[in-house]
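In what follows, a structure is listed as structure tokens, so that the remarks can point back to it.
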RNA sequence: CGGGGUGUGGCUCAGCCCGGUUAGAGCGCCUGCCUUGGGCGCAGGAGGCCGGAAGUUCGAAUCUUCUCACCCCGACCA
């Protein structure tokens with residue numbers, strides 16, 4: 001492609017709305033333009049990169065037996081009502097004119113097809129995938145292409161007859177994902193994750209570390225343990241029981257509300273306190289006990305409760321229900337509440353908690369004796385530096401961007417959408433499903449986050465929109481114009497994607513700046529300076545290293561460099 | 001959905017508090033000259049309902065109210 005004829009609108013200045021490097025550079029390099037919040041047009045250069053990523057994804061998906069199909073973005077609303085996912089908050093965008101919705105993912109449609117056509121165990125296993133545009137009702141799109149209302153996703157679905165076979169499909173996808181991200185040149189890590197609204201029995205996320213990430217992950221530098229904070233655990237020791245369970249007693253604690261104030265007031269370690277958090281779960285009052293200042297992890301809570309509506313109870317409501325304010329609630333003699341507690345409190349005695357009476361607390365609580373705790377769950381958010389659950393090394397916490405997510409769905413959709421097959425004995429069995437996603441734009445954005453410098457993008461060969469950026473330093477020089485035109489022809493003929501800067505009346509400096517911004521792996525510079533000695537220059541974008549080669553060896557040398 | 005911010009030429013912004021000729025700058029664009037190894041130089045030029053609506057006023061980019069859009073923080077995030 002010749003730049004003089006190409007549509008590559010580069011920008012010298014950073015657009016005001018772009019806040020993170022990948023967003024800024026994708027705009028400045030003319031890869032895309034925003035249409036409305038969370039919706040982008042991909043211009044030719046941007047599309048070339050996405051297409052490269054798609055082809056890598058296709059090759060690796062095909063390699064594990066995936067079969068590509070293409071499902072409609074427009075879905076009947078009824079299908080989503082049937083699966084129970086129509087009313088997940090901030091999930092589905094709908095159209096006004098008909099009872100159709102824009103699909104945010106495709107388990108439902110896959111299920112619809114599978115329920116019709118998967119009939120026998122002989123039809124299994126299957127892996128189906130597509131690369132297609134998804135729509136989500138994001139409350140707040142942000143960070144350029146990283147969180148949009150419309151985005152391209154590779155989504156794959158495995159159909160198996162047994163949980164063992166699901167494990168095989170799942171592992172195959174994990175391996176394919178590793179190959180995909182490695183080929184793309186992305187430094188990633190894998191974490192254990194929550195399956196969230198997707199449902200299912202297990203999941204992992206493929207992440208890159210980034211200060212701009214929306215996810216928080218815990219990592220053990222020592223043994224490699226890695227988990228999303230939504231599910232991360234640590235090996236914090238439990239507090240010890242006191243030797244003897246004394247009778248409970250009320251203590252006067254005027255104007256003492258928070259755990260910190262209590263620790264101060266009673267001169268007692270925070271691990272002796274059971275903090276009360278009051279929620280409603282599906283409308284019903286719920287008391288959650290946490291040790292001391294441990295933070296409740298709402299993802300863990302949701303998982304423990306098996307989903308449903310979960311919301312903190314309002315202050316007035318709480319007062320009318322218990323007769324006390326938030327700082328004075330406790331598990332002893334609390335009526336009308338289901339009580340659950342964090343595992344760290346299991347078996348504890350000698351505890352202090354609210355008396356359900358303002359300005360009073362109760363001491364010497366033995367949870368087993370004095371409270372009706374229905375169940376103990378792991379509910380706390382881990383903190384930086386806590387011991388790793390596997391090796392007890394100090395855990396590190398960092399932000400991350402999710403590139404891909406793989407789920408063991410199990411029978412969740414088979415149950416609601418009635419996806420069954422007949423086994424050898426003629427008995428109907430639910431199909432065991434998995435689902436596997438990759439955000440295609442995120443591949444591009446994450447790559448740029450990891451591979452740029454002050455001058456622009458630094459593409460590798462796998463994703464680069466063109467392999468060679470051929471710069472005709474001065475088109476007014478007959479020699480330069482002729483030689484660059486000739487090289488362009490030769491390289492193109494050799495099957496290399498070349499971008500030729502053949503613009504006239506543009507200063508060399510402008511061309512060099514553009515070339516660094518666009519970031520092709522190699523720049524081939526044809527100027528009078530080199531031609532005087534029968535040479536052209538090759539600059540490696542990543543290192544800035546420049547080599548001079550004889551004109552007649554140039555094409556061969558370039559082909560050699562690209563074959564590295 | 002709560003809090004904050006911003007809407008002025010294609011892009012980045014000034015002007016707005018304190019209302020008053022014909023609304024500015026830099027970049028980009030067009031024409032000509034010049035220059036040709038790091039976003040040159042000179043000269044000329046085109047391009048604006050100052051996001052939209054309603055008000056206040058003799059007069060509104062500027063003040064008031066409403067509204068829309070976008071961005072940021074939070075909530076949310078399969």
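Numbering (this note's numbering), first residue to last: 1 to 564.
Note that the Cβ used here is the ideal one computed from N, Cα and C, for glycine as well.
Span of the beta strand (DSSP E), counted from its first residue to its last, around residue 437: 432 to 439
In whole angstroms, what separates the C-alpha of residue 264 from that of residue 224? 38 Å
Where residue 389 and residue 381 are concerned, what is the direct C-alpha to C-alpha distance, given to the nearest angstrom? 13 Å
Please report the distance separating the alpha-carbon of residue 179 from that of residue 460. 16 Å
Mark residue 36 as exposed unless 16 or more other C-beta atoms lie within 10 angstroms of its C-beta, in which case mark it buried. exposed
Decide yes or no for the touch test of the segment 426 to 443 against the segment 404 to 414: beta carbon pairs closer than 8 Å, at least 3 of them. yes
Among the residues of its own chain, which have a CB less than 7 Å from the CB of residue 162, if the five just before and after it don't count? 432
Label residue 98 either buried or exposed according to how many other C-beta atoms from any shown protein chain fall within 10 Å of its C-beta, with 16 as the threshold for buried. exposed
In chain order, what are the residue ranges of uninterrupted alpha helix (DSSP H) at least 4 long that sit wholly in the segment 284 to 310? 298 to 305
Taking the C-alpha atoms as reference points, what is the distance between residue 184 and residue 15? 27 Å
Residue 189 lies in the beta strand (DSSP E); which residues open and close that run? 189 to 192
Beta-bridge pairing of residue 498 - partner residues as DSSP gives them: 468
Compute the Euclidean distance between the alpha carbons of residue 386 and residue 232, then round it to the nearest angstrom. 11 Å
Status (buried if at least 16 other CB within 10 Å, exposed otherwise) for residue 90: exposed
Which one of 39, 220, 383 has the shortest CA to CA distance from residue 296? 383
State the DSSP-derived secondary structure class of residue 203, mapped to helix, strand or coil. strand
Can you tell which of 47, 159, 25 has the C-alpha that lies nearest to the C-alpha of residue 67? 159
Return the bridge partner residues of residue 522 from the DSSP annotation. 468, 540
Quick check on residue 76: does DSSP put it in helix, strand or coil? strand
Residue 281 burial status per 10 Å Cβ neighbour count (16 or more: buried): buried
Would you mind reading off the limits of the alpha helix (DSSP H) that contains residue 110? 107 to 117
Looking only at its own chain, which residues have a Cβ that is under 6 Å from the Cβ of residue 75, when we skip the five neighbours before and after it? 101, 103
Residues near residue 338 by beta carbon distance below 8 Å, same chain, minus five either side: 281, 284, 285, 286, 287, 374
Reference residue 3, options 543, 528, 510, 549, closest by Cα: 510
Please confirm whether residue 19 and residue 463 have their CB atoms less than 9 Å apart. no
The beta strand (DSSP E) with residue 341 in it runs from where to where? 338 to 342
Pairwise C-alpha distance: residue 45 and residue 494: 21 Å
Tell whether a beta-carbon distance below 9 Å holds between residue 468 and residue 558. yes
Within the continuous beta strand (DSSP E) that includes residue 250, where are the two ends? 249 to 252
Among 140, 113, 137, the one whose alpha carbon lies nearest that of residue 128: 113
Round the Cβ separation of residue 191 and residue 217 to the nearest angstrom and send it over; I've been treating them as touching at under 8 Å. 5 Å
Check residue 15 in the structure and name its three-state DSSP category. coil
Residues bridged to residue 375 (per DSSP): 340
Is there contact between the segment 166 to 182 and the segment 449 to 460, where contact requires at least three CB pairs shorter than 8 Å? no
Output the distance between the C-alpha atoms of residue 491 and residue 452, rounded to the nearest integer angstrom. 26 Å
Buried or exposed: residue 117, going by 16 or more other Cβ atoms within 10 Å of its Cβ? exposed
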